[in-house]
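*Asks:* Below is the structure I would like to discuss, written out as structure tokens.
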Amino acid sequence: MGLDTAWAVAFLHAAALSMAEHRDELIALDRAIGDSDHGENMDRGFEAVVAKLGDTPPESPAAALKLTAMVLMSKVGGAAGPLYGTAFLRAATALGETADVGPDVLVSALQAALDGVVARGKAEAGDKTMVDAWIPAVAAARDAATAGEPAAAVLAAAASAAAAGAAATEPMLARKGRASYLGERSVGHRDPGAQSSALLLLAAAQAASQQDSHAGSPESPR
Amino acid sequence: MGLDTAWAVAFLHAAALSMAEHRDELIALDRAIGDSDHGENMDRGFEAVVAKLGDTPPESPAAALKLTAMVLMSKVGGAAGPLYGTAFLRAATALGETADVGPDVLVSALQAALDGVVARGKAEAGDKTMVDAWIPAVAAARDAATAGEPAAAVLAAAASAAAAGAAATEPMLARKGRASYLGERSVGHRDPGAQSSALLLLAAAQAASQQDSHAGSPESPR
Amino acid sequence: MKKLINDPRAVVNESVEGFGQAHADLVTVVPDPLYITRRDAPVKGKVGLVSGGGSGHEPLHAGFVGFGMLDAAVPGPVFTSPTPDAILPATMAVDGGAGVVQIVKNYTGDVLNFETAAELAQAEGVEVRTILVNDDVAVQDSLYTAGRRGVAGTVLVEKIAGAAAERGDDLDTVTAIGNRVNSNVRSMGVALSACIVPHAGQPSFDLEENEIEIGIGIHGEPGRHRIPMENADGITDRLLDPVLEDLGIASGEEVLLFVNGMGGTPQSELYIVYRRAAQVLAERGISVARSLVGNYITALEMQGCSITVLRLDSELKELWDAPVQTAAMRWGR
Amino acid sequence: MKKLINDPRAVVNESVEGFGQAHADLVTVVPDPLYITRRDAPVKGKVGLVSGGGSGHEPLHAGFVGFGMLDAAVPGPVFTSPTPDAILPATMAVDGGAGVVQIVKNYTGDVLNFETAAELAQAEGVEVRTILVNDDVAVQDSLYTAGRRGVAGTVLVEKIAGAAAERGDDLDTVTAIGNRVNSNVRSMGVALSACIVPHAGQPSFDLEENEIEIGIGIHGEPGRHRIPMENADGITDRLLDPVLEDLGIASGEEVLLFVNGMGGTPQSELYIVYRRAAQVLAERGISVARSLVGNYITALEMQGCSITVLRLDSELKELWDAPVQTAAMRWGR
Ligand SMILES: Nc1ncnc2c1ncn2[C@@H]1O[C@H](COP(=O)(O)OP(=O)(O)O)[C@@H](O)[C@H]1O
Ligand SMILES: Nc1ncnc2c1ncn2[C@@H]1O[C@H](COP(=O)(O)OP(=O)(O)O)[C@@H](O)[C@H]1O
Ligand SMILES: [Mg+2]
Ligand SMILES: [Mg+2]
Ligand SMILES: [Mg+2]
Ligand SMILES: [Mg+2]
Numbered sequence: 030m031g032l033d034t035a036w037a038v039a040f041l042h043a044a045a046l047s048m049a050e051h052r053d054e055l056i057a058l059d060r061a062i063g064d065s066d067h068g069e070n071m072d073r074g075f076e077a078v079v080a081k082l083g084d085t086p087p088e089s090p091a092a093a094l095k096l097t098a099m100v101l102m103s104k105v106g107g108a109a110g111p112l113y114g115t116a117f118l119r120a121a122t123a124l125g126e127t128a129d130v131g132p133d134v135l136v137s138a139l140q141a142a143l144d145g146v147v148a149r150g151k152a153e154a155g156d157k158t159m160v161d162a163w164i165p166a167v168a169a170a171r172d173a174a175t176a177g178e179p180a181a182a183v184l185a186a187a188a189s190a191a192a193a194g195a196a197a198t199e200p201m202l203a204r205k206g207r208a209s210y211l212g213e214r215s216v217g218h219r220d221p222g223a224q225s226s227a228l229l230l231l232a233a234a235q236a237a238s239q240q241d242s243h244a245g246s247p248e249s250p251r
Numbered sequence: 030m031g032l033d034t035a036w037a038v039a040f041l042h043a044a045a046l047s048m049a050e051h052r053d054e055l056i057a058l059d060r061a062i063g064d065s066d067h068g069e070n071m072d073r074g075f076e077a078v079v080a081k082l083g084d085t086p087p088e089s090p091a092a093a094l095k096l097t098a099m100v101l102m103s104k105v106g107g108a109a110g111p112l113y114g115t116a117f118l119r120a121a122t123a124l125g126e127t128a129d130v131g132p133d134v135l136v137s138a139l140q141a142a143l144d145g146v147v148a149r150g151k152a153e154a155g156d157k158t159m160v161d162a163w164i165p166a167v168a169a170a171r172d173a174a175t176a177g178e179p180a181a182a183v184l185a186a187a188a189s190a191a192a193a194g195a196a197a198t199e200p201m202l203a204r205k206g207r208a209s210y211l212g213e214r215s216v217g218h219r220d221p222g223a224q225s226s227a228l229l230l231l232a233a234a235q236a237a238s239q240q241d242s243h244a245g246s247p248e249s250p251r
Numbered sequence: 009m010k011k012l013i014n015d016p017r018a019v020v021n022e023s024v025e026g027f028g029q030a031h032a033d034l035v036t037v038v039p040d041p042l043y044i045t046r047r048d049a050p051v052k053g054k055v056g057l058v059s060g061g062g063s064g065h066e067p068l069h070a071g072f073v074g075f076g077m078l079d080a081a082v083p084g085p086v087f088t089s090p091t092p093d094a095i096l097p098a099t100m101a102v103d104g105g106a107g108v109v110q111i112v113k114n115y116t117g118d119v120l121n122f123e124t125a126a127e128l129a130q131a132e133g134v135e136v137r138t139i140l141v142n143d144d145v146a147v148q149d150s151l152y153t154a155g156r157r158g159v160a161g162t163v164l165v166e167k168i169a170g171a172a173a174e175r176g177d178d179l180d181t182v183t184a185i186g187n188r189v190n191s192n193v194r195s196m197g198v199a200l201s202a203c204i205v206p207h208a209g210q211p212s213f214d215l216e217e218n219e220i221e222i223g224i225g226i227h228g229e230p231g232r233h234r235i236p237m238e239n240a241d242g243i244t245d246r247l248l249d250p251v252l253e254d255l256g257i258a259s260g261e262e263v264l265l266f267v268n269g270m271g272g273t274p275q276s277e278l279y280i281v282y283r284r285a286a287q288v289l290a291e292r293g294i295s296v297a298r299s300l301v302g303n304y305i306t307a308l309e310m311q312g313c314s315i316t317v318l319r320l321d322s323e324l325k326e327l328w329d330a331p332v333q334t335a336a337m338r339w340g341r
Numbered sequence: 009m010k011k012l013i014n015d016p017r018a019v020v021n022e023s024v025e026g027f028g029q030a031h032a033d034l035v036t037v038v039p040d041p042l043y044i045t046r047r048d049a050p051v052k053g054k055v056g057l058v059s060g061g062g063s064g065h066e067p068l069h070a071g072f073v074g075f076g077m078l079d080a081a082v083p084g085p086v087f088t089s090p091t092p093d094a095i096l097p098a099t100m101a102v103d104g105g106a107g108v109v110q111i112v113k114n115y116t117g118d119v120l121n122f123e124t125a126a127e128l129a130q131a132e133g134v135e136v137r138t139i140l141v142n143d144d145v146a147v148q149d150s151l152y153t154a155g156r157r158g159v160a161g162t163v164l165v166e167k168i169a170g171a172a173a174e175r176g177d178d179l180d181t182v183t184a185i186g187n188r189v190n191s192n193v194r195s196m197g198v199a200l201s202a203c204i205v206p207h208a209g210q211p212s213f214d215l216e217e218n219e220i221e222i223g224i225g226i227h228g229e230p231g232r233h234r235i236p237m238e239n240a241d242g243i244t245d246r247l248l249d250p251v252l253e254d255l256g257i258a259s260g261e262e263v264l265l266f267v268n269g270m271g272g273t274p275q276s277e278l279y280i281v282y283r284r285a286a287q288v289l290a291e292r293g294i295s296v297a298r299s300l301v302g303n304y305i306t307a308l309e310m311q312g313c314s315i316t317v318l319r320l321d322s323e324l325k326e327l328w329d330a331p332v333q334t335a336a337m338r339w340g341r
């Protein structure tokens with residue numbers, strides 16, 4: 030059993046909740062090495078995603094991610110808007126028409142998301158950006174899939190690697206984005222975009238594990 | 030023995046010292062009900078008076094006061110500059126050519142100073158201005174002179190009445206000058222100009238009492 | 009106190025020196041006693057306009073020296089009126105033979121110092137008239153007080169009287185037009201924070217984190233009363249209502265709406281205030297025919313703003329629109 | 009946080025609405041998606057100029073929309089780049105058939121969002137060129153970083169490229185002139201205090217009472233380093249020296265000297281900085297041929313300033329002097 034449209038919708042709702050909940054934390058991270066807006070940007074963006082999901086319920090996981098990409102691109106702005114927009118768009122393309130996302134397709138979608146971020150932002154590993162959450166996340170996802178884990182476990186592995194990746198940005202010296210203007214002074218602070226990436230992957234994993242637990246029970250909505 | 034040119038010069042030096050010493054106190058009084066500049070204005074003005082006294086030593090008490098008037102008018106600005114300028118100018122005129130200011134001439138000079146302030150500023154008793162220091166000062170001076178006191182004692186009486194007058198401005202509601210904009214909120218604060226007036230009269234009295242004490246001794250400068 | 013200054017006592021001289029260098033095409037700075045004239049002063053046959061007052065209100069007054077506005081500005085020390093020994097030569101320097109109008113904000117110090125200078129100038133043969141600006145509705149006007157203060161309305165008086173002088177009006181006409189502006193303009197201000205006078209080194213008053221001062225002037229004086237912080241629309245209404253009431257303005261009339269920043273408030277906030285004020289005026293059927301938004305008369309770095317409304321007639325509108333070329337206000341050339 | 013605002017999320021919309029009302033003679037505001045065009049856009053046959061970026065830098069960019077400068081401005085949320093869905097229609101709205109130049113400050117967000125909009129506009133048949141402004145010498149420029157930021161030099165690029173477009177230069181020429189300005193302009197800034205982003209509600213960084221931040225940008229970011237407070241002349245030297253060095257300017261050359269306020273600093277202080285900067289330039293034999301002093305690109309109510317030097321040639325001077333008619337910069341008409 031892979032991930033379906035209900036999972037995608039649940040993921041995006043969870044993501045919106047998480048962004049609202051961590052809004053001030055992300056602002057505080059961005060305040061230290063940026064311009065104090067990342068939490069506000071992500072919260073505004075995912076609030077709009079949820080509104081849009083209500084207006085036009087998507088018909089496939091890819092459609093849900095594509096809708097998210099378009100809303101984020103037009104509501105988030107800043108660096109994070111186009112980067113996340115591209116990530117969601119590329120992931121949606123990788124999913125194609127499938128209504129049932131299995132572990133391998135999932136890994137390609139995560140890889141596509143990462144490739145999209147790198148294509149747009151040109152950051153490398155160690156530049157102290159969201160890429161430093163995504164690289165270990167994709168690697169962990171691939172390992173889990175190779176080991177035969179189901180999609181939910183693949184996402185769980187990605188989420189926990191992303192969290193570790195976000196934490197690992199703390200000692201880094203920023204070389205991309207706004208934090209790079211700080212030079213040495215960027216050291217010792219966690220990158221806000223890496224942190225929001227970890228939170229988003231966590232929301233995706235949680236939605237998947239809930240789908241799993243529902244899947245066994247007869248009153249499951251699908 | 031009345032007051033001579035040396036007294037006038039000593040008075041003005043003492044006044045300058047006093048203004049420098051009480052600069053911050055006068056600023057604090059003006060901060061509460063005005064625009065935080067009275068101490069700076071008076072300090073700047075009397076610093077210039079002392080400089081001018083060095084350049085062109087006056088030849089009579091009237092000349093010393095006239096020089097002071099001109100310097101204050103061109104260096105103090107604000108409300109206090111023209112008011113004190115007029116006060117010193119009128120006092121100088123009242124002194125005339127005399128080299129030896131006795132109690133009665135002194136009283137007329139004080140009265141002339143007060144009249145000058147009222148003529149220019151149109152304040153009445155109780156309006157919470159420097160006039161509320163000058164009115165009791167002139168009255169006390171007149172009483173002392175009528176009682177046959179010497180000039181130094183007349184000034185001492187004026188100074189202590191002015192100090193009481195300044196203190197008495199605290200409960201008043203301002204009706205003139207910048208403090209009047211505050212309405213009821215001016216109540217409970219001492220008027221800065223009344224306070225500087227009391228300090229100036231105290232400097233005059235102290236210079237006179239020093240002249241007195243020197244006058245008896247053979248090594249007196251005069 | 010953190011300020012971009014060197015010696016607190018040199019603030020005005022150094023600042024005006026820099027101003028003169030930056031705007032050498034428009035003005036001439038005379039350093040001692042300190043005053044600023046327009047580059048081509050005196051303009052022969054034109055009524056000269058002189059204003060001045062304590063410094064700390066920049067761009068007022070030096071920023072308004074030039075074609076179509078002031079002929080001279082006399083800056084005093086910070087928040088302290090200048091003295092006659094500076095006002096007099098400034099007055100003499102801009103007399104083009106048609107007399108000089110002094111524009112004086114109604115503060116005891118300014119009135120007394122300009123009065124003395126006017127007497128001295130008259131004694132030297134220059135005809136002098138005075139326009140006293142007193143547009144602040146926060147202060148009760150009464151025979152038994154110092155009267156209302158002159159605040160942001162001063163900018164409008166200077167622009168319009170300046171245009172009248174530039175078109176060749178005579179001394180009495182320029183004075184009458186300036187007085188007409190003053191009679192038809194009212195202002196009221198609010199402070200969100202105090203300012204720090206350089207020589208005092210501490211805030212001019214203390215406000216709690218959630219308090220604001222309503223009815224402040226432009227010298228860091230406390231205002232009429234203190235209220236808890238409100239949103240921009242609420243504050244705007246508190247300032248605008250007494251202005252409109254005092255002006256007795258009626259539906260169908262045309263006005264100039266002027267939202268002035270006190271120096272430390274972002275322009276974006278001034279436009280939020282403008283938006284609400286324009287809304288209220290529209291609701292009352294009053295037509296905003298002209299606008300001005302920005303830092304034109306300030307109290308150092310104070311946060312806050314004032315709202316000014318000027319009742320317009322066709323002549324005042326024409327004079328407002330007339331060309332002006334100064335450091336801080338420029339159009340039409 | 010005390011601000012003249014209503015809802016923190018409505019700040020930009022309400023402010024721009026007020027701006028549009030106050031300057032209805034110059035601009036048109038399109039509310040959703042939000043952008044501002046000059047009143048007579050598109051101007052047929054003229055190259056269109058579009059700029060934009062996060063809000064909070066007013067008067068940049070909306071204050072520079074009008075004759076001789078920008079055709080459109082696209083304001084994002086406070087300190088957050090606008091999105092392609094607003095940049096695209098703004099670009100389309102000002103295409104007069106001669107193509108559109110985007111003036112983009114070099115920040116990752118701005119670059120990415122304008123890039124997307126440019127692609128979309130090209131797809132709709134509009135020729136688009138981009139001028140990337142990166143004048144901040146506080147930031148090391150390197151292939152391996154985000155590069156230098158665009159700061160106050162942006163104002164000069166917009167004015168001069170705008171004049172080139174207004175005189176009828178074609179797309180490539182306008183782009184080349186804008187790039188020439190960017191190559192010849194350098195800036196550096198200082199903060200005496202932080203600013204408060206409305207949605208964040210607290211200062212963008214913490215400074216002690218006697219500390220200042222050298223090398224700040226315009227988004228409330230901390231700067232390159234923090235030093236104890238100094239006097240104005242000392243601070244000016246710290247900003248000006250790296251600017252002159254990076255620009256490699258030589259004795260005998262002509263420059264435009266621009267002292268920009270960050271929003272919360274009194275004008276008088278900016279002129280004190282100007283005075284010292286002019287002094288240093290004179291000592292080095294560099295001639296200040298043009299000047300600009302004031303709040304042109306701000307960081308909300310931040311206290312501080314930046315110093316910008318632009319190397320001039322006769323064409324840039326002529327374009328600088330050309331008429332401009334916008335809310336925040338106006339001369340010659
Ligand atoms: N070139 C880049 N590549 C990848 N991620 C980037 C890049 N530049 C910035 N980011 C990410 O964007 C985050 C900042 O987003 P946000 O604060 O919303 O935008 P802005 O920096 O424009 O204010 C950073 O923490 C970083 O993770
Ligand atoms: N009309 C007046 N008559 C008499 N004294 C006045 C009048 N107006 C002001 N003053 C005095 O001047 C003092 C203020 O002086 P100062 O602070 O130097 O000038 P300013 O008020 O112009 O800042 C007041 O405290 C008051 O004593
Ligand atoms: Mg940010
Ligand atoms: Mg005072
Ligand atoms: Mg004063
Ligand atoms: Mg941002």
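Protein sequence lines correspond, in order, to chains A, B, C and D. In this text, residue positions in the first sequence follow the numbering used here: the first is 30, and each later residue adds one. In this text, residue positions in the second sequence follow the numbering used here: the first is 30, and each later residue adds one. In this text, residue positions in the third sequence follow the numbering used here: the first is 9, and each later residue adds one. In this text, residue positions in the fourth sequence follow the numbering used here: the first is 9, and each later residue adds one. Just so it is clear, CB atoms sit at the ideal spot from N, CA and C, and this is done for glycine as well.
What is the C-beta distance between P331 of chain D and R319 of chain D, in whole angstroms, given that I count them as a contact (C-beta under 8 Å)?
*Replies:* Not a contact, Cβ separation roughly 23 Å.
*Asks:* Look up H233 of chain D in the DSSP assignment and say whether it is helix, strand or coil.
*Replies:* Strand, per DSSP.
*Asks:* Cα separation between P207 of chain D and D40 of chain D?
*Replies:* Residue 207 of chain D is actually His in this sequence, not Pro. Taking the straight line joining both Cα atoms gives about 20 Å.
*Asks:* What residues sit near ligand 6, counting only those whose C-beta is closer than 6 Å to one of its heavy atoms, in chain order?
*Replies:* So the residues near ligand 6 by this Cβ test are A:D64, A:D66, A:G107, D:G62, D:F87, D:T88, D:G117.
*Asks:* If we require 4 or more residues per run, which alpha helix (DSSP H) segments fall completely within the stretch 194-275 of chain C?
*Replies:* Those alpha helix (DSSP H) runs which fall completely within the stretch 194-275 of chain C and span 4+ residues are 240-255.
*Asks:* For V136 of chain C, tell me which candidate among C:V159, C:V182, C:V147 has the shortest Cα-Cα distance.
*Replies:* V136 of chain C has its Cα closest to that of C:V182, out of C:V159, C:V182, C:V147.
*Asks:* So if DSSP puts I44 of chain C in a beta bridge, which residue, or which two residues, is it bridged to?
*Replies:* In the DSSP output, where bridge partners are listed per residue, I44 of chain C has C:V37, C:A81.
*Asks:* Under the three-state reduction of DSSP, which class applies to D321 of chain D: helix, strand or coil?
*Replies:* Coil.
*Asks:* For S89 of chain A, does the three-state DSSP call read helix, strand or coil?
*Replies:* In the structure shown, S89 of chain A sits in coil (DSSP, three-state: anything other than H, G, I, E or B).
*Asks:* Using the C-alpha atoms, what's the distance from L42 of chain D back to N70 of chain A?
*Replies:* Computed Cα separation, rounded: 17 Å.
*Asks:* Which of the residues in the stretch 139-159 of chain D, read from start to end, lie with their CB under 7 Å from any CB of chain A?
*Replies:* Cβ contacts with chain A come from V147, Y152, T153, A154, R157.
*Asks:* With a threshold of 7 Å on Cβ separation, who are the neighbours of L128 of chain D within its own chain once the five nearest residues in sequence on each side are excluded?
*Replies:* So the list reads P92, L96, once near-sequence residues are dropped.
*Asks:* Helix, strand or coil: how does DSSP classify A49 of chain B here?
*Replies:* Looking at A49 of chain B - three-state DSSP - the assignment turns out to be helix.
*Asks:* Considering just the uninterrupted stretch of the alpha helix (DSSP H) at L135 of chain A, what are its terminal residues?
*Replies:* L135 of chain A -> alpha helix (DSSP H) spans 132-150.
*Asks:* How many Å lie between E248 of chain B and I13 of chain C at the Cα?
*Replies:* Reliability fails at E248 of chain B, whose pLDDT of 43 lies under 50, so the model's placement of it is uncertain and the value that follows must be treated cautiously. The alpha-carbon atoms of E248 of chain B and I13 of chain C are separated by roughly 49 Å.
*Asks:* Nearest by alpha-carbon distance to V136 of chain A: which of A:M159, A:E153, A:A109, A:A166 is it?
*Replies:* Checking every option, the nearest Cα to that of V136 of chain A belongs to A:A166.
*Asks:* Given a limit of 7 Å on CB to CB distance, which residues of the stretch 41-69 of chain A reach chain D?
*Replies:* Residues I56, R60, G63, D64, S65, D66, E69.
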